[in-house]
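Report on one structure; see the data block that follows.
Number of protein chains: 2
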Amino acid sequence: MIASANRPETRRRALIGAALCEISDRGSLDVTVAQIAARAGVSTALAHHYFGAKEDLILATMRHLLKEFGQKTAGELRMAPTPRARLSAIIRASFAPDQFHRATISAWLTFYAKALSSPAAARLLHVYQSRLRSNLIHALHGHMDRPAALRLADGIGALIDGVYLRAALASGPAKASAAIDLVEDYASLHLAHGPGEALS
Amino acid sequence: MIASANRPETRRRALIGAALCEISDRGSLDVTVAQIAARAGVSTALAHHYFGAKEDLILATMRHLLKEFGQKTAGELRMAPTPRARLSAIIRASFAPDQFHRATISAWLTFYAKALSSPAAARLLHVYQSRLRSNLIHALHGHMDRPAALRLADGIGALIDGVYLRAALASGPAKASAAIDLVEDYASLHLAHGPGEALS
DNA sequence: CACTATTGATTGACGGATCAATCAATCACC
DNA sequence: GGTGATTGATTGATCCGTCAATCAATAGTG
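Protein sequences appear in the order of chains R and H. Here the first sequence is numbered in the numbering used here, starting from 253 and rising by one per residue. Here the second sequence is numbered in the numbering used here, starting from 253 and rising by one per residue.
Structure below.
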C-alpha cells in the first residue's frame with residue numbers, strides 16, 4: 253500500500269474530487285455526504301472529520317475549481333506579450349478544455365445557484381468575477397480609454413458567463429472552439445470599431 | 253367576501269405566486285411545500301390536492317414565468333414594423349421591468365440549475381430558448397444571410413443569459429437600461445460591420 | 001320551499017423515508 | 001501506549017405525501 257494513500261491531504265483531495273463528480277453527475281447540490289463519501293471510498297463520519305459541516309466541504313470544492321481556473325488564467329497570461337494577446341489569453345483560459353466540459357460546467361452553474369442563498373459562496377464567486385474583470389480591463393485599457401474598457405469588460409464577462417450557462421443546458425458535448433470564436437468575434441469587433449454609444 | 257376568493261383557479265394562482273416568492277426570497281429550490289402553503293395561507297395538504305407532487309408545483313411555477321415572458325415578447329413584437337425594430341423589441345422584452353428585477357432573476361437562475369437534474373425543467377427551458385432563438389433569427393435574417401443570422405442569434409442569446417446571470421449575483425438593484433444598452437450595442441455593431449469570421 | 005344527498009374544498013395529524021452530524025469504539029502506526 | 005485515522009451505529013430533525021374527517025356549497029327531490 254502506498255504510504256501517502258491514507259494521508260490527510262490525500263483524503264481531502266479525494267473527498268473534494270468525489271464531491272465534484274457527484275455534483276456534476278447529479279446536476280445538483282442536493283448531494284448527500286453519504287454519496288460523496290462512498291465515491292471517495294470512505295465513511296460519512298470521515299468526511300465530517302476532515303471538513304466539519306457539509307457546507308464546508310461544498311465550499312472547499314468551489315475553492316478548488318476557482319483555484320484551478322485562476323492558475324490556468326495566470327499561466328496563459330504569463331505567455332502573452334501584448335494587450336491584445338492578453339485579451340485572447342483570458343478568453344482562451346476561460347474555455348480551456350479542462351474547464352469547459354460538461355461536468356465542470358454543470359458544477360459552475362450549481363455553484364452560481366448556491367450563491368443566491370449562501371453568502372460564503374457568493375463571496376467566492378465575487379472574487380473570481382473581480383479577478384476576471386480586472387484582467388479584462390487591464391488588457392483592454394491598452395486599446396481604449398478607461399470608461400470604454402470598463403464597459404467592454406462587462407460585456408465580455410457577461411458573454412463568457414452566458415456561453416457557459418447555455419453550454420450547461422446544451423445536449424451535446426461543449427465545443428470550446430465555437431465558444432472562443434464567439435467571444436473573440438465580439439471583442440475584435442469592439443476593438444476595431446471604437447467605443448459604443450454612451451450608456452444612459 | 254368575494255365569491256371568487258376560494259375558487260380553485262384562485263388557489264392555484266395563489267400557490268404559484270407563493271412558490272415564486274419563496275423561491276426568490278430563499279434563493280433556492282429547497283423550499284418546502286409547508287413554506288409555500290403557509291405563504292399562500294393554506295395547508296400543505298391543499299397544495300398537494302391541487303398540484304399532486306411538489307415537483308408539479310415547481311414546474312407549474314416555471315410555466316407561469318415562461319408564459320409571462322412569452323406574452324411580453326409577443327406584445328413587443330406586435331408593435332415592431334421593421335426587422336431592426338423587431339430586434340430591439342426582443343431585447344426590450346427580455347429586460348422588461350416586470351421580468352428584470354431581483355426576485356424574477358433569482359427564480360430564473362434557480363430554474364436553470366434545476367434543469368440540470370430535471371428533464372421536465374430542461375424541456376421547458378428548451379422551448380423558451382428555441383422561441384427566443386427563432387425570433388432573433390427571423391429579425392436578423394433581414395440584414396444578413398442565414399448562417400450569419402444563426403451565429404449572431406446565438407451570440408445575442410448568450411449575452412442576454414449572461415447579463416441575467418450576473419444580475420442575479422449583483423448586490424444592487426438590477427438596472428434594465430444598462431443591460432439593454434449593452435445588448436443593443438453588441439447587436440448594432442454586428443449589424444453595421446458585416447459578418448464576423450467564419451467559425452472553425 | 002324544505003330537506004337530503006353529493007360533491008369538492010380544506011385541514012390536522014401522521015407514517016415513512018432521508019440526511020446531517022455525533023459518539024464511542026476499533027485500527028494502524030510510531 | 002499514545003495519537004490520529006476510521007468506522008458503524010445512532011440520534012434528532014426535516015420533509016413529502018397520504019388519510020380520515022370536517023365544512024360549505026350545490027344539486028336533486030317531493
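Yeah, the Cβ is synthetic: ideal placement off N, Cα and C, and Gly gets one too.
Collapsed DSSP secondary structure at Gly-269 of chain H in the structure displayed: helix
Min CB distance Thr-313 of chain H to chain R below 8 Å: By this cut-off, Thr-313 of chain H is not an interface position.
Alpha-carbon to alpha-carbon, Ser-276 of chain R and Thr-395 of chain H: It should be pointed out that residue 395 of chain H corresponds to His in this sequence rather than to Thr. The C-alpha of His-395 of chain H lies about 40 Å from the C-alpha of Ser-276 of chain R.
Contact check, Leu-329 of chain H vs Ala-420 of chain H, beta carbons under 8 Å: no
Gly-414 of chain R vs Ala-410 of chain H beta-carbon contact at 8 Å: Gly-414 of chain R places its beta carbon less than 8 Å from that of Ala-410 of chain H.
Assigned exposure category for Met-331 of chain H - 16 Cβ within 10 Å defines buried: So Met-331 of chain H ends up on the exposed side.
Neighbouring residues, chain H, relative to His-445 of chain R (Cβ below 8 Å): Going along chain H in sequence order, the residues near His-445 of chain R (Cβ under 8 Å) are Leu-441, Ala-444, His-445.
Proximity test, Cβ basis, 8 Å: Ile-412 of chain H and chain R: yes
Cutoff 8 Å: Asp-308 of chain H Cβ touching any chain R Cβ: no
Contacts of Glu-325 of chain R in chain H (Cβ-Cβ under 7 Å): The sequence given here has Thr at residue 325 of chain R, not Glu. Going along chain H, no residue has its Cβ under 7 Å from Thr-325 of chain R, so there is no contact; the nearest lies around 18 Å.
Exposure of Gln-323 of chain H, with buried meaning 16 or more beta-carbon neighbours within 10 Å: Burial call: exposed.
Contact under 8 Å by Cβ, Leu-376 of chain H with Arg-315 of chain H: yes
Where Leu-399 of chain H falls: helix, strand or coil (DSSP): Reading the sequence as shown, one finds Pro at residue 399 of chain H and not Leu. DSSP places Pro-399 of chain H in helix when its eight states are reduced to three.
Buried versus exposed, by CB contacts within 10 Å (16 or more), Ile-433 of chain H: In the sequence as presented, Ile is not what sits at residue 433 of chain H; that position holds Asp. Buried is the call here.
DSSP-derived helix/strand/coil call for Arg-196 of chain H: An answer regarding residue 196 of chain H cannot be provided, because it is not within the stretch 253 to 452 covered by chain H.
Separation of Ala-271 of chain H from Ile-310 of chain H, as counted between CA atoms: Rounded to whole angstroms, Ile-310 of chain H to Ala-271 of chain H spans 7 Å at the Cα level.
Interface flag, Asp-406 of chain R vs chain H, CB-CB below 8 Å: yes
Pairwise C-alpha distance: Phe-363 of chain H and Ala-359 of chain R: 15 Å
Boundaries (first-last residue) of the alpha helix (DSSP H) holding Ala-297 of chain R: 296-303
CB contact below 8 Å: Thr-356 of chain R versus chain H: no
CB contact below 8 Å: Ala-367 of chain H versus chain R: For Ala-367 of chain H, a Cβ of chain R is located within less than 8 Å of the residue's own Cβ.
8 Å Cβ cutoff met for Ala-312 of chain R and Phe-303 of chain R: yes
Nearest candidate by alpha-carbon position, reference Gly-407 of chain R, set H:Ala-337, H:Pro-335, H:Ala-341, H:Ala-431: H:Ala-431
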